[in-house]
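Numbering (the working numbering), first residue to last: 75 to 382. All C-beta atoms, glycine included, are put in the ideal place defined by N, C-alpha and C.
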């Protein structure tokens, strides 16, 4: 019987100023999915590890199965598959947990079927899974998890995704405080309307961030990591946010923001040695407010998901 296994990395969505349109992948962690062929048609979620029993096994609710089902419908086939998921990402963390599961599942299933799709063509199926997981089919987690590096989602109708360059010394530190923030709660505090002033500021920062990536201008990247649309409201849901932000910037971070809908925070910096110093600075703040935190630091993942 045929089988295949794949890995998909964690991601940071929004990247401060790029609300719902920017994301990047990191090397530090991710999910692994193994697909095994079975004799009877249809999908079966066989096992899930690392989720503390919280993820659904129902095919219509599980992101791995939903993504593969969308791919099978496009192919017009109904191959029997068993799905084995190993979670390397915490749930509700803002690290693209549901996206990594869906992307790893698609990579493995596509490999088992003899690669009928090119890697980039798997993206719509991953978006379908995100819609089930999060209530909206955003691509700012699934696109970088699949393709790697920094990704811009210019439009959805039709889907227009652009890979951006990654400066060679750019690194990321993730700070995951020990509490869960539901995406629905994080979105509920956002405003429906944005002022012309804030729209102009945000547009300038998105342009500046992209220009900084192309020019490998780390100072410009840092100046552009400013969000005037979502962060002012979401920061109120994350204990110690502004204290941590001040501490990590003093420790050498180019800038800091909320990863996805939170509560994980991300800090970009130059050089591999910066992550340890930034992590220590953040840990001191969290200790002072009595909140535990997990820290991860690594280079930007430019490879994306891959078959193991």
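Closer than 7 Å by C-beta to residue i: which residues in its own chain qualify, once you throw out the five before and the five after it? Chain order, please.
i, result
"residue 302", "272, 275, 276"
"residue 214", "87, 88, 94, 95, 96, 97, 227"
"residue 180", "141, 142, 145, 196, 199, 200"
"residue 113", "154"
"residue 294", "282, 285, 286"
"residue 288", "239"
"residue 325", "351, 352, 355"
May I ask you to report which of helix, strand or coil DSSP gives residue i?
i, result
"residue 191", "coil"
"residue 369", "strand"
"residue 263", "coil"
"residue 146", "helix"
"residue 177", "helix"
"residue 315", "helix"
"residue 154", "coil"
"residue 295", "helix"
"residue 207", "helix"
"residue 172", "helix"
"residue 164", "coil"
"residue 308", "helix"
Based on Cα-Cα distance, which residue from the options lies nearest to residue i?
i, options, result
"residue 315", "267, 249, 257", "249"
"residue 280", "244, 325, 225", "225"
"residue 328", "147, 306, 283", "283"
"residue 378", "103, 163, 222", "222"
"residue 251", "332, 290, 240", "332"
"residue 115", "182, 150, 130, 243", "150"
"residue 235", "321, 160, 183, 193", "193"
"residue 127", "104, 156, 164, 148", "164"
"residue 354", "338, 330, 318", "318"
By Cβ distance below 6 Å, which residues in the same chain neighbour residue i in space, the five residues on each side in sequence not counted?
i, result
"residue 144", "199, 202"
"residue 185", "78, 381"
"residue 133", "117, 139"
"residue 260", "308, 335, 336"
"residue 172", "137, 207"
Using a Cβ-Cβ cut-off of 8 Å (strictly less than) and excluding sequence neighbours within five positions of residue i, which residues of its own chain qualify?
i, result
"residue 101", "83, 372, 373, 374, 375"
"residue 255", "166, 168, 311, 312, 335, 336, 337"
"residue 190", "149, 184"
Is there a C-beta anywhere in chain D that falls below 8 Å from the one on residue i?
i, result
"residue 333", "Absent here is chain D; the protein component of the structure consists of one chain."
Query raised in the report: Is the segment 119-132 in contact with the segment 364-376, if contact means three or more CB pairs nearer than 8 Å?
Result: No, the segment 119-132 does not touch the segment 364-376.
Report task. Starting from the N-terminal side, write out each stretch of the alpha helix (DSSP H) that is 4 residues or longer and does not extend beyond the segment 230-289. Result -> Scanning the segment 230-289 for uninterrupted alpha helix (DSSP H) segments of 4 residues or longer gives 257-262, 270-289, listed from N- to C-terminal end.
**Report entry** Length at least 4, wholly inside the segment 99-150: the alpha helix (DSSP H) runs in chain order
**Finding:** Every unbroken stretch of the alpha helix (DSSP H) spanning 4 or more residues and falling wholly within the segment 99-150 is given here in chain order: 137-149.
Requested in this report: Run through the segment 311-366 for me and flag every whole alpha helix (DSSP H) of 4 or more residues, listed as ranges in chain order.
Outcome: Counting only runs of 4 or more, we get 315-324, 348-362.
Query - Meets three-Cβ-pair contact criterion under 8 Å: the segment 99-119 and the segment 292-310 - result: No contact exists between the segment 99-119 and the segment 292-310.
Query raised in the report: Between the segment 216-236 and the segment 342-354, do at least 3 Cβ pairs fall closer than 8 Å?
Result: Too few Cβ pairs lie closer than 8 Å, so no.
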